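Residue numbers (the numbering used here): 6 to 101.
Where is the CB? At the ideal position from N, CA and C, for every residue including glycine.
Model, not experiment: these values are computed from the prediction.
Written below as structure tokens is the structure these notes are about.
Structure representation (structure tokens):
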């Protein structure tokens with residue numbers, strides 16, 4: 006579980022009510038405006054904890070990439086979270 010002092014800090018930084026929390030895509034689906042980026046998170050437990058805490062706090066968008074080397078930890082955190090996969094956006098990038 007998340008340290009309550011961290012949760013309070015994050016709650017204070019929530020999106021203001023005047024800003025819609027999602028963007029509508031052309032196909033009608035909605036993607037969260039705010040997500041967790043794991044660019045600087047080390048692969049393994051650091052990324053796993055960050056993604057787990059974000060999902061516990063209510064984040065439903067995680068941005069990762071093959072070149073970061075931490076996609077597996079994001080996937081594991083999502084799997085262990087109990088949050089239905091269809092409720093979470095995972096964005097990634099490939100080298101090309």
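{"Check": "Sufficient close CB pairs (3 or more, under 8 angstroms) joining the stretch 51–58 to the stretch 70–83", "Outcome": "yes"}
{"Check": "Cα-Cα separation, residue 65 to residue 47", "Outcome": "21 angstroms"}
{"Check": "Contact under 8 angstroms by Cβ, residue 71 with residue 96", "Outcome": "no"}
{"Check": "Contact under 8 angstroms by Cβ, residue 68 with residue 43", "Outcome": "yes"}
{"Check": "N- and C-terminal bounds of the beta strand (DSSP E) containing residue 28", "Outcome": "27–29"}
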